[in-house]
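First to last, the protein sequences are chains X and R. Once you know that position 79 of the first sequence is 79 in my numbering, the rest is easy, because the numbers rise by one and skip nothing. Once you know that position 22 of the second sequence is 22 in my numbering, the rest is easy, because the numbers rise by one and skip nothing. The structure under discussion appears below in the form of structure tokens.
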Amino acid sequence: MTEREYNNCVQEHSDGLFRFIIKNTKHNDDAHDIIQTAYEKMWNNRITIEASTAKSYLFTIAYNCLMDYFRKAKNISSQAISEEHAFSYHPQPHDVSATLHHALLQLPEMQRMLVLLKDYEGYTYHEICEITGLTALQVKVYLHRARLKLKNYLVSIDKLI
Amino acid sequence: MKHHTINNSNYESVFLLYIDNELTAIEKQDVDAFLRENPALVGEFEQIKQTKLQPEAITYMQKHVLYRQEKEEVLPQLPLPQQMHLFSRNTSLKTWYYWAAAVSIGIILGILHFTTNNNAETLNAPSMVIEKANLPVDSARTRKNINQVMLVSTNKNIPQKIKTVQSHINVAALKDNDVETMKENRDSSIVIIPTIAATTIHYRENIDQTNVIHLDKPIITSEAIVPIIATENHVALVEPVVVSPKKGLNKLKVFINKIDNQLDALTSIEPSENERSIKVAAFTIPLKK
């Protein structure tokens, strides 16, 4: 990967990568740290990286950083983090999209990451396997559980309204 | 690929695969037909469909901290008094300009070669060959210098005149002061590119594959390699070689063959003992996108 290709990757993929990270960390500073780590690693290893695989490489690094992030966060009160730094969503009644995003935040980390990779980035199960290191069956099971939880959440909100 | 046949016991799972776009066109048609036959399940299908997120437009506002620029890299432990540099305008530069720069260097090399050739036999300095830098495989230093080679001194039966050729290359190159001046005066589109490799290849002998490998690493790039070959009587430019990481080694073999053919074309007589070696210097030029 050349310098130009690297900088093109910044232009083309940093928005999507940041979105993937911030949706998981719910914290701006941590998201900045992770995206910078991902691009730093890509820059340092640019000789061995093909431009065509750069996006997957970035998401793989970000995924691994997020896994570490979640492990560390578990040592701190998750409730405290949630209250202090929650990525603010204020779903309006009848707004399915906002309700869905609110529901997304309720999902376990792994399920949330896979839904984001699937819906936001459009990766196939196979590509998600390569990024996360999970098996195809695991990806399918996690995603299906996530979808059913989201569906149940939407149904329950509908009933409340 | 497994065919997902939908029925009353697995429809939920197949609906989810449908939403995730993991079904073939035929399987999707089966799902549509299944829903027509079971209209009571349409509501559930629609509920699952609603769980698909619509991407939000989020912009990363600090892209500027991610942009990077190549630093000028210096070959480690280079024993030469100065390195050969080529300056080239960045990727926006016209191709002909690259060639003009390359031909100019070739002409300078030729002139200097003939003007100083008579002093060659008086030189007693060691010739230069490339040896691979022996660095720990996993160290940060190795990763940083993966595309670099280390020049070392040796006296391995290489004719003294070859040293003269190497000197010509150095004389023809920019001096350190010139480089510094150019850095100060250049606009942002000018880059200084260091030599990536300089080696001796023994002419009409079996090419040592280890030498080939030495050159393989530096040319894992999407840039053009413009080699200069020189014997004590000839200096020539060889057609630029563009290599890709996967085809690097094969391309290099072709490159070596081209050098051999070029030398054949230049020399109508059988090479003397002193002509059995050639010098090759190569430098990279970013290709126009």
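C-beta: ideal position from N, C-alpha, C; glycine also.
query = Quick one, which residues of the stretch 28–61 of chain R are near chain C if we go by CB-CB under 7 Å, in chain order?
reply = Given the protein chain composition of this structure (X and R), no chain C is represented.
ask   = Would the beta-carbon of X:K151 fall within 7 Å of that of R:T51?
value = At a Cβ-Cβ threshold of 7 Å, X:K151 and R:T51 count as neighbours.
Cβ distance (whole Å) where R:I6 is taken to contact X:R147 below 8 Å
The pair is not a contact, with the Cβ atoms about 17 Å apart (cut-off 8 Å).
* In the DSSP assignment, find the unbroken alpha helix (DSSP H) run with X:T37 in it and report its ends. => For X:T37, the enclosing alpha helix (DSSP H) covers residues N28 to N44.
### Query
Interface residues of chain X around R:Y67 at Cβ under 8 Å?
Residues of chain X passing the Cβ test: N7 and V10.
Practice problem: Put R:P39 into one of helix, strand or coil per three-state DSSP. | Solution: Looking at R:P39 - three-state DSSP - the assignment turns out to be helix.
Comparing alpha-carbon positions, which option in R:Q69, R:G43, R:I58 and R:T59 lies nearest X:V155? Considering only alpha carbons, the answer is R:G43.
Review point. When burial is assigned at 16 or more other CB atoms within 10 Å of the CB, is X:T132 buried or exposed?
Key: That one is buried.
| query | List, in order along the chain, the chain R residues whose C-beta lies closer than 7 Å to that of X:F18? | reply | When 7 Å is used as the limit between beta carbons, X:F18 is near these residues of chain R: I58 and Y60, in chain order.
Keeping to the same chain, check which residues put their C-beta closer than 7 Å to that of R:H4; ignore five residues upstream and five downstream.
These residues qualify, in order along the chain: V14, L17, L23 and E27.
Please state whether the Cβ-Cβ distance between X:L137 and X:L114 is less than 7 Å. Judged by their CB atoms, X:L137 and X:L114 are not nearer to each other than the 7 Å cut-off.
query: Does the distance from the C-beta atom of X:L117 to that of X:Y123 stay below 7 Å?
result: Taking 7 Å as the Cβ cut-off, X:L117 and X:Y123 qualify as a contacting pair.
- Task: Starting from the beta carbon of R:I19, find every residue of chain X whose beta carbon is closer than 8 Å, and list them in chain order.
- Result: The CB of R:I19 comes closer than 8 Å to the CB of R147 in chain X, given here in chain order.
Cutoff 8 Å; reference X:H13; Cβ partners in own chain excluding five residues on either side: Once the five neighbours on either side are set aside, the close Cβ partners of X:H13 are A54, K55 and L58.
Within a Cβ cutoff of 8 Å, which residues of the same chain sit near X:K149, ignoring the five residues on either side of it in sequence? Excluding residues within five positions, the ones whose Cβ falls inside 8 Å are A103, Q106, L107 and Q111.
Chain X contact residues for R:S13, given Cβ-Cβ distances below 8 Å
Result: H144.
Margin query: Which of the three DSSP states is assigned to R:A57 in this structure?
Written below: Looking at R:A57 - three-state DSSP - the assignment turns out to be coil, as it is neither helix nor strand.
Distance, Cα to Cα, X:S97 vs R:I48?
Looking at the two C-alpha atoms, the distance is approximately 14 Å.
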